[in-house]
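As structure tokens, the structure follows; a few thoughts come after it.
Have a look at this one:
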């Protein structure tokens, strides 16, 4: 039935948009950023001058 074609296109469009949005949400929220705790400490080298 050609009269139902626009409805089928609309359903396909909505389905692809929903899949696209779900894919983006899953990728966005599944990304776990683990910040590396910096263990860098300044090492002060004391130089004993023996003149």
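In our numbering, the protein residues as written are 50 to 100.
Ideal placement from N, C-alpha and C gives every residue a C-beta, glycine not left out.
Fair warning: this is a prediction, and the values are worked out from it, not measured in the lab.
DSSP three-state label for residue i, please.
| i | result |
| --- | --- |
| residue 76 | helix |
| residue 83 | coil |
| residue 97 | coil |
Residue i: beta carbon under 7 Å from a heavy atom of the ligand GTP?
| i | result |
| --- | --- |
| residue 63 | With respect to the ligand GTP, the structure offers nothing, as it holds no ligand at all. |
Skipping 5 residues on each side, what residues in its chain have a beta carbon closer than 8 Å to that of residue i?
| i | result |
| --- | --- |
| residue 61 | none |
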